[in-house]
Structures are given as C-alpha cells and as structure tokens.
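Chains as they are written, first to last, in my numbering: chain A, 1 to 194; chain B, 1001 to 1194. Every residue, glycine too, gets a C-beta built ideally from N, C-alpha and C. As structure tokens, the structure follows; a few thoughts come after it.
There are 2 protein chains.
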Amino acid sequence: MANTPQPGTRERIVSAASLLMQRQGYEGTGIKQVAQEAQATLGSVYHFFPGGKQALGVAAVQHAGQEFADLLSTTLSQEADPAKAITACARALATHLRESEWTDGCPISATALETTGRVPDIEQAAAQAFQHWQDLVADTLREAGLPNDDAHDLALTVISTLEGAELTAQVSKSETPLLVAGEHLARLINSYKE
Amino acid sequence: MANTPQPGTRERIVSAASLLMQRQGYEGTGIKQVAQEAQATLGSVYHFFPGGKQALGVAAVQHAGQEFADLLSTTLSQEADPAKAITACARALATHLRESEWTDGCPISATALETTGRVPDIEQAAAQAFQHWQDLVADTLREAGLPNDDAHDLALTVISTLEGAELTAQVSKSETPLLVAGEHLARLINSYKE
DNA sequence: GTCTATAATAGGATAGAC
DNA sequence: GTCTATCCTATTATAGAC
C-alpha cells in the first residue's frame, strides 16, 4: 500500500491537454502549449503520442470523460431520490462553472464539436464518453424503480439537457440555466414516478 | 419591389464564414478558406473586415443567430399548441442534422465554446443570439396562455435542451436524442398548462 | 473594391544527441 | 525517456498595384 505516486510525465501531458482543450477547444490548443503546461518537452509528448495531436486529443477526451463520470457517480449516489440527485448534479455543475469564472464547462463539448465528422478517432471517443454518462444516469433511475425504457430515455434527456444548460450557462455567464434545468428535470422525472 | 439582388461580396464572405465555423469551429476555420469558399480574395475579406478574424467571427455568429431565429419563428408558428410546436422544432433539427450527414448542428455552439472567456466580442454576440432564441420561445409560450414566469423559465430550458440534444445527436450520429428530448419537452410544457 | 505578393509568426512534426 | 534544434507548412495580416 502507500501508493500515491506523483503523476508521471504521460499523465501530466494528458491532464494538461484535457484542461486546455476544455477551455480552448482542440484546434485552439497547440502541442507546444500542452508541453509547456505539463512541464514536459515536445520530445516527450511525441514519445508518448507518436500518433501526434489526434492521438493526444483522443487521450484527452477519454481522460476527461472518465473524470466527469466519476464526478457524476459521486454526486448521483449522494441522494436517494433520483430527481433530487439530478438537481444536485445541475447545482454542482453551476457552482463549478461559476467558481472557475465560467471557463470550465463540459470538458469535451468543444473538442467534440470541432472534430465531429473530421477526426473519427476523437469523434468516437466523445461518443463513448457521452454513452457512459448516460448509462450512469440510467442505472440510477432504474435503481430508483423506474421502468427500463423510461429510465433509458430519461437518462438521454438528462445528459442532453445538462449538456445544453451548461453551454447556455457558460455563454451567458450565469448559473440560472443550469439551476432552472435542474428543477425542470426533477419535475420531468417525478412525472414518471408513478 | 423586384429586389432580389444576388449576394454581394460581403454577404458571401459572411455566409461562408458562418457555415465553415459551424462545421469546424472558429479556430479550425482559416480566413483563406473563407475567402476561397466565398469566391472572394483575401484582400476583399480584409477590406470588409479590417478587424480581422475576430470581426469576421462576430459577423458570422450574428448572421447564424439571425438565420436560426428565422427558422425557429417559422417552425413555432406552424403549430397552435406550444408543446407540439416545440416537438416539431426538435424534429426539424433532427431531420436537418441527418440530411446534412451530421455536419450541420447548432450554427454557433462550436465558435461560442472555443472563444468564451477569450474573445469578448464573439462571446457577446453568441450570448445575444441565445437570448434572442429564448425570447422567441417565451413569446410563443406566453401567447399560448402560460404565465409569464413559467414561460420565461420553460423557454430557457427549451433552448438549453434543444442545444444539448443537438450536440448529443451530432456526436452520436443519431436523431434519437433530439426526438426523445422533443417528447420530454412537450410533456414538461403540458405539465404547466393547467 | 479587387487582386497578388509577401511579411511575420506560429503550427505540427521529426532527427538525433544525450 | 528527455531534450534541443530544425524543417516545413499554414496562419494572420499588410502593402501596394490595378
């Protein structure tokens, strides 16, 4: 035990790429900038990612996808009532967005939008992340007793709505879109509850 | 009357920039590419936009924002029942997305996400477009008899949800997220109707 | 208003020493 | 694995003839 190794070079590179692409998008983020932010050299980046920027983009999206999935799991499990759990998620996103001064929205939307239809590998990684998130929400709804089909569809709308509300909140620099969406989602879920 | 002038150079440039930025984002779109697509020269682009790429980005976002507002108005006015009108909007977006082979999602999301917090002029243009869309939906809901406050909040969630569902649909190359969101939004609106 | 040429810089990527 | 130097290309932007 006692294993908390400080992040290795590869890990620092992926984290830096993930953060920068969240804020500036894929095209707006340079490999040199990633190297600098990760306190690594350009040579190291290409050592770990011989596939170049696209491979780095894939790793960044996967990393961010998993990180967000963890956050989602944690938040969802803190409320027994699924409607309240979703509202809590929306609130958590709003707080995080405001505290980052509106810079840290969805970690993969910008990259996904820029590359869709043009960089298949990244596109696929983004689709998988979205699917993973949806599955987590669907599981929560099912465990709360909702029928399978309802849970599946609601989970899809929950992810879509949180995604869109975060975008709207970020653009308008206001927590309101996320908070209002959280309330509406709870109402929607409750309308399926009996 | 009888005034259908063919598009001038400036108009062609803005249209091309708008389309390219929709598909590739702001950073992923080059001014030379815009000029080429608009069948104009680089000199013409800088003639009309001395402010350079940022000024072009602002014009592109405003153009796309207005174009989408027109589409929204048209679709909303074709159904008397507001819930059905919103569902129709979602369906229209889904069809358009599929028919473009998943390239034409929200015309401004990619640009907005990439530039938020970094290019204030573009950020502001995007925020105005979002606000404009929300106002159109709010008007529709009010005209259908919903209380002012409900209409305002619902319109916000409608825009957020359509936005997110379009993103999810584009990334997963499926109409489903938009179609399901359309149904859920109708259900949500109807739950406020009495 | 339109065009070409070019400046100045930054981008992704590679080579090879260590 | 790490580092530096460098190649090549693309980028934004400008200058000036027409």
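| By the criterion of Cβ-Cβ separation under 7 Å, what are the contact partners of residue 78 of chain A in chain B? | Per Cβ cutoff of 7 Å: no residues; residue 78 of chain A is ~23 Å from chain B at best.
| task | Provide the residue span of the alpha helix (DSSP H) that contains residue 46 of chain A, from first to last. | result | Counting along the chain, the alpha helix (DSSP H) containing residue 46 of chain A begins and ends at 42 to 48.
| message | Looking at chain B, is there any beta carbon in it that lies within less than 9 Å of the beta carbon of residue 103 of chain A? | response | Closer than 9 Å to some Cβ of chain B, the Cβ of residue 103 of chain A qualifies, so yes.
| message | Considering just the uninterrupted stretch of the alpha helix (DSSP H) at residue 1193 of chain B, what are its terminal residues? | response | Premise fails: residue 1193 of chain B is in no alpha helix (DSSP H) and is neither H nor E.
| task | Please state whether DSSP places residue 84 of chain A in a helix, a strand or coil. | result | Helix.
| Within this structure, are the beta carbons of residue 27 of chain A and residue 1114 of chain B separated by less than 9 Å? | Yes. Within cutoff.
| query | What span of residues does the alpha helix (DSSP H) with residue 1111 of chain B cover, start to end? | reply | In the DSSP annotation of this structure, the continuous segment of the alpha helix (DSSP H) that includes residue 1111 of chain B starts and ends at 1109 to 1115.
| Is the shortest distance between the beta-carbon of residue 1093 of chain B and the beta-carbons of chain A less than 9 Å? | Closer than 9 Å: no.
| For residue 1103 of chain B, which of helix, strand or coil comes out of DSSP? | When DSSP states are grouped into helix, strand and coil, residue 1103 of chain B belongs to the coil group.
| request: Using a Cβ cut-off of 9 Å, pull out every chain A residue sitting near residue 1194 of chain B, in sequence order please. | output: Within 9 Å Cβ-Cβ: nothing; residue 1194 of chain B doesn't reach chain A, min ~14 Å.
| field | Cβ pair residue 86 of chain A, residue 130 of chain A closer than 9 Å | value | Result no, Cβ atoms of residue 86 of chain A and residue 130 of chain A do not sit closer than 9 Å.
| query | What's the gap between the Cα of residue 77 of chain A and the Cα of residue 89 of chain A? | reply | Their Cα atoms are separated by approximately 10 Å.
| Shortest alpha-carbon distance to residue 82 of chain A belongs to which of A:10, A:169, A:179, A:145? | Checking every option, the nearest Cα to that of residue 82 of chain A belongs to A:145.
| request: Pick helix, strand or coil for residue 186 of chain A, following the three-state DSSP scheme. | output: Helix at residue 186 of chain A.
| said: Does the CB of residue 109 of chain A have a neighbour CB from chain B at under 9 Å? | reply: Yes, because at least one Cβ of chain B sits closer than 9 Å to the Cβ of residue 109 of chain A.
| task | Give the single residue among B:1104, B:1072, B:1014 whose Cα lies nearest to the Cα of residue 1063 of chain B. | result | Of the listed residues, the one whose Cα sits closest to residue 1063 of chain B is B:1014.
| Which residues, taken in chain order from the stretch 167 to 179 of chain A, show a beta carbon closer than 9 Å to some beta carbon of chain B? | Correct list: 167, 168, 169, 170, 171, 172, 173, 176, 177, 178.
| message | Against chain B, with Cβ distances strictly below 9 Å, would residue 126 of chain A count as a contact? | response | So, interface residue.
| field | Partner residues on chain B for residue 19 of chain A, Cβ-Cβ distance less than 8 Å | value | For a Cβ distance threshold of 8 Å, nothing in chain B lies close to residue 19 of chain A: the least Cβ distance comes to about 13 Å.
| Helix, strand or coil at residue 39 of chain A according to DSSP, with G and I counted as helix | Here residue 39 of chain A sits in coil by DSSP.
| query | Comparing the CB of residue 1024 of chain B with every heavy atom of the ligand ATP, is any distance shorter than 8 Å? | reply | By its list of ligands, the structure shown contains no ligand whatsoever, and the ligand ATP lies outside what it can speak to.
| query | chain A beta carbons: is any one of them nearer than 9 Å to that of residue 1112 of chain B? | reply | Chain A places a beta carbon closer than 9 Å to that of residue 1112 of chain B, counting this residue as a contact.
| query | Checking contacts by CB at 9 Å: is residue 1117 of chain B closer than that to chain A? | reply | Interface residue, yes.
| said: Let me see if you follow: with CB-CB separation under 9 Å, is residue 955 of chain B close to chain A or not? | reply: Because chain B spans 1001 through 1194 in this model, residue 955 of chain B falls outside it and cannot be assessed.
| message | Taking a contact to mean a Cβ-Cβ separation below 9 Å, would you say residue 1126 of chain B touches residue 61 of chain A in this structure? | response | In this structure, the beta-carbon distance from residue 1126 of chain B to residue 61 of chain A does not fall below 9 Å.
| task | Starting from the N-terminal side, write out each stretch of the alpha helix (DSSP H) that is 4 residues or longer and does not extend beyond the stretch 147 to 188 of chain A. | result | Scanning the stretch 147 to 188 of chain A for uninterrupted alpha helix (DSSP H) segments of 4 residues or longer gives 148 to 172, listed from N- to C-terminal end.
| request: List the residues of chain B whose Cβ lies closer than 7 Å to the Cβ of residue 159 of chain A, in chain order. | output: Within chain B, the C-beta atoms nearer than 7 Å to that of residue 159 of chain A come from 1168, in chain order.
| Would you say residue 24 of chain A reaches chain B, if we count a Cβ-Cβ gap shorter than 9 Å as a contact? | Cβ-Cβ to chain B under 9 Å: yes for residue 24 of chain A.
| field | Neighbouring residues, chain A, relative to residue 1065 of chain B (Cβ below 7 Å) | value | Against chain A, a Cβ distance below 7 Å from residue 1065 of chain B picks out nothing, because the smallest value is about 12 Å.
| task | Tell me, please, whether the stretch 160 to 170 of chain A touches the stretch 88 to 102 of chain A by the rule of three or more beta-carbon pairs shorter than 8 Å. | result | Result yes; three or more Cβ-Cβ pairs closer than 8 Å.
| Which chain B residues sit within Cβ distance under 7 Å of residue 153 of chain A? | Near residue 153 of chain A (Cβ distances below 7 Å), the residues of chain B are 1180.
| request: Alpha carbon to alpha carbon, how far is residue 72 of chain A from residue 153 of chain A? Give it in angstroms, no decimals. | output: Rounded to the nearest angstrom, the two C-alpha atoms are 18 Å apart.
| Can you give the Cα-Cα distance for residue 1031 of chain B and residue 69 of chain A, rounded to whole angstroms? | Those two C-alpha atoms are separated by around 38 Å.
| Can you tell me the Cα-Cα spacing of residue 1098 of chain B and residue 39 of chain A, whole angstroms? | Distance between residue 1098 of chain B and residue 39 of chain A, taken at the CA atoms: about 43 Å.
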